[in-house]
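Q:
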Amino acid sequence: MQAFVYPAEWNVLQNDVHEGHTYTITNFNVRAVYGSLRPVSSPWSIIFTQYTVVQPLMDVPVAIPNHKFEFVSFGDIPQLTQSYPQFQSLTNSIGEFDTPPVLVLASVKANCHFGAIRITSLPSTKIYVNLQDASTAIMRQRFMAAMYDSLSFLDTSRTTWRIKVRVTRMWASVSAGSEGKDGLQGFNLILLDDNNTHVQAFVYADNWRAYSNEIVEGATMKILMLHNFRQISLV
């Protein structure tokens, strides 16, 4: 069943409600669903009020599954686009599965565009992948690669890069300060990505405080995701 929380109530509950967790919920309103959004097939929806109480079920065995799918076959989509534009889930298999499905699209929108069926995502859309299937690993690698920029593609055109790297080396850069005192300028890093490309990075001393606990030289389990940085040419 779908539930809706108005902004005033969400400001109170947003730190207490997390996706995938289980709760007891009391004191709420129930109304018939309206509008075109139909993430589930129930004709009713729950409305949270200022009196709604949400309590987490901690360390209590609960016989509630993680997901529930209501499959729609591809062959039925053309007839349903007019009467029911929002679908719970779609699959390209019909009948019993010999093996688990590779991909499930939940809460997507299907419509007819110039005679062709088009499926688009919504804020509520989720993609569930069968992690045990060999082809899934290939898809995941392709999606992950598309999420990050290769170090070999970096240039000075923008600052919104996003990279996945390992810090292979790091060292402090110190200069002679006033009155004979050495001053810390920042830290140099050598970054290496999964395409075997490496570059030098520099973090100024003032910015290092924000990263000093996150960046560890040669950490075998720590992969850093960096974004919004600036590239300069070495002269």
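Numbering (our numbering), first residue to last: 138 to 372. Note that CB positions come from ideal geometry on N, CA and C, so glycine has one too.
Compute the distance between the beta-carbons of Leu328 and Gln337, then report whether it is under 9 Å.
A: yes
Q: Count the other CB atoms, across all protein chains shown, that sit within 10 Å of the CB of Ile254; report buried if there are 16 or more and exposed otherwise.
A: Its Cβ having fewer than 16 others within 10 Å, Ile254 is exposed.
Q: Helix, strand or coil: how does DSSP classify Tyr348 here?
A: The DSSP-derived three-state label of Tyr348 is helix.
Q: Would you identify the three-state DSSP class for Ser289, choosing helix, strand or coil?
A: helix
Q: Answer yes or no: do Thr159 and Leu194 have a C-beta to C-beta separation smaller than 9 Å?
A: yes
Q: Between Lys359 and the rest of its own chain, which residues show a CB-CB distance below 7 Å, the 5 nearest in sequence each way excluded?
A: Caution is warranted here: a pLDDT of 41 is assigned to Lys359, below 50, making its placement in the model unreliable, and the coordinate value is therefore given only provisionally. Closer than 7 Å at Cβ, skipping near neighbours: Val353.
Q: What number of angstroms, rounded off, separates the C-alpha of Thr228 from the C-alpha of Trp308?
A: Low local confidence applies: a pLDDT of 47 at Thr228 is under 50, so the model's placement there is unreliable, with the coordinate-based value given in what follows. Roughly 52 Å separates the two Cα atoms.
Q: Going by CA-CA distance only, name the one from Asn152, Thr161, Ala145 that's closest to Gln187.
A: With distances taken between Cα atoms, Gln187 lies closest to Ala145.
Q: So, helix, strand or coil for Trp308, using DSSP?
A: Secondary structure at Trp308: strand, using DSSP grouped into helix, strand and coil.
Q: Could you tell me the distance, in whole angstroms, from the CA atom of Ser178 to the CA atom of Ile300?
A: 41 Å
Q: Only counting the same chain, and skipping five residues up and downstream in sequence, which positions put a Cβ closer than 8 Å to that of Arg168?
A: Trp181, Ser182, Ile184
Q: Let me know if Gly355 comes out buried or exposed under the rule of 16 or more other beta-carbons within 10 Å of its beta-carbon.
A: exposed
Q: Could you pull out every residue in the same chain whose Cβ sits closer than 7 Å to the Cβ of Asn350, ignoring the five residues on either side in sequence?
A: none
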